[in-house]
Amino acid sequence: MLCLQVKQNFIDAGKAMWTTLRSEDVWGPCLYMYLSLALSLDIREGMFYWYTDSKGGPSFSQESVGFIFSISSVGALLGAILYQYALKDYAFRNLLFWTQLIYGLSGMLDLILVSRLNLKFGIPDYFFVVIVESIAKMTNRLKWMPMLVLSSKLCPSGIEGTFFALLMSIDNVGLLSASWGGGFVLHMLRITRTKFDNIWLAILIRNILRIAPLWLLFLVPRADRSSSILPCKSMNSEVAIDPSDTKNVELVSLVHSVDGK
């Protein structure tokens with residue numbers, strides 16, 4: 029009996045997940061989150077080798093690059109603090125518009141770096157790279173935080189953990205796609221460990237694609253973090269579990285919405 033009950037619970041949870049994903053209020057934001065991450069091409073490998081290049085690059089040591097990345101992680105912390113205390117109450121669509129735009133435009137600082145304009149303005153490489161990486165991490169965190177909150181609001185009651193894990197797997201596929209896309213661009217532009225003639229073009233393509241998701245913002249609801257996004261119909265009916273079954277008490281959801289859904 030216990031095995032049959034567990035099997036039925038899994039079937040009901042699967043039906044609930046499929047029903048939720050078919051809702052436009054859910055698959056639209058999921059598609060936007062995936063494309064927003066996938067189009068942010070990851071070309072860090074090419075930039076890393078450019079940082080250590082002794083001819084056209086700053087000629088940093090590998091230890092120096094690691095130290096710079098460690099310091100610039102403060103930018104991610106600042107982004108989380110800024111979101112928590114200044115931006116968390118804004119509507120998702122408006123917030124994602126500005127964070128995505130700033131994220132794309134901030135990438136242009138890499139063009140200043142690879143063109144060596146910072147040296148013409150008297151800004152040392154170490155100092156400028158720390159600024160560039162810190163801003164990149166801060167804007168990336170500002171872009172990611174509202175998507176994380178939005179993901180939590182897309183989870184139907186009763187299967188919150190399972191559905192949130194599904195949404196996070198979509199995000200991971202987006203990051204993997206960005207890594208593949210960045211590697212493909214570096215390969216097509218013939219950027220290697222010692223050849224960086226087209227590194228500026230890779231940066232430009234990356235920045236343009238970072239801004240591209242702005243045309244897909246119609247997929248994101250205008251709601252804010254205090255609004256309900258899922259359809260009014262409760263998803264609990266799809267995964268109803270009898271609370272009186274004490275043998276399976278560990279399978280009963282411990283979280284119930286205040287409105288009784």
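With my numbering applied, the sequence shown corresponds to residues 29 to 289, in that order.
Just so you know, even glycine gets a beta-carbon here, dropped at the ideal spot from N, CA and C.
Residue i - DSSP class collapsed to helix/strand/coil
i	result
Asn122	helix
Leu99	In the sequence on display, residue 99 carries Ile and not Leu. In the structure shown, Ile99 sits in a helix (DSSP, three-state: H, G or I).
Cys58	helix
Val177	helix
Ala251	coil
Leu69	coil
Contact under 7 angstroms by Cβ, residue i with residue j
i	j	result
Leu237	Asn226	no
Ile175	Met61	Before going further, note that residue 175 is Met rather than Ile in the sequence given. Yes; because the gap between Cβ atoms is below 7 angstroms, this pair is in contact.
Ile130	Thr167	yes
Arg169	Gly107	yes
Val54	Leu182	yes
Arg250	Ala119	yes
Thr48	Pro184	yes
Residue environment, residue i, which counts as buried when at least 16 other CB atoms sit within 10 Å
i	result
Leu178	buried
Asn146	buried
Asp117	exposed
Gly135	buried
Tyr113	exposed
Leu67	buried
Distance between beta carbons of residue j and residue i, contact taken as under 8 angstroms
i	j	result
Leu214	Ile71	6 angstroms
Ile198	Val142	Contact flag wrong, Cβ pair sits at about 33 angstroms.
Phe224	Trp46	Actually they do not touch by this definition, with Cβ atoms about 48 angstroms apart.
Near the ligand COA: residue i beta-carbon under 6 angstroms from a heavy atom
i	result
Trp243	Inclusion of the ligand COA in the displayed structure is not the case, the ligand content being empty and no account of it being possible.
| query | Between the region 187–199 and the region 122–129, do at least 3 Cβ pairs fall closer than 8 angstroms? | reply | Below 8 angstroms, too few C-beta pairs join the region 187–199 and the region 122–129 to call them touching: fewer than three.
| query | Do the region 82–97 and the region 232–247 touch if we need at least three Cβ pairs shorter than 8 angstroms? | reply | In short, these stretches do not touch, since the Cβ pair count stays below three.
| Between the region 152–166 and the region 96–107, are three or more C-beta pairs nearer than 8 angstroms? | With a cut-off of 8 angstroms, the region 96–107 and the region 152–166 count as touching, because enough Cβ pairs lie within range.
| message | Within 8 angstroms, do at least three Cβ pairs link the region 146–158 to the region 203–219? | response | The region 203–219 is not in contact with the region 146–158.
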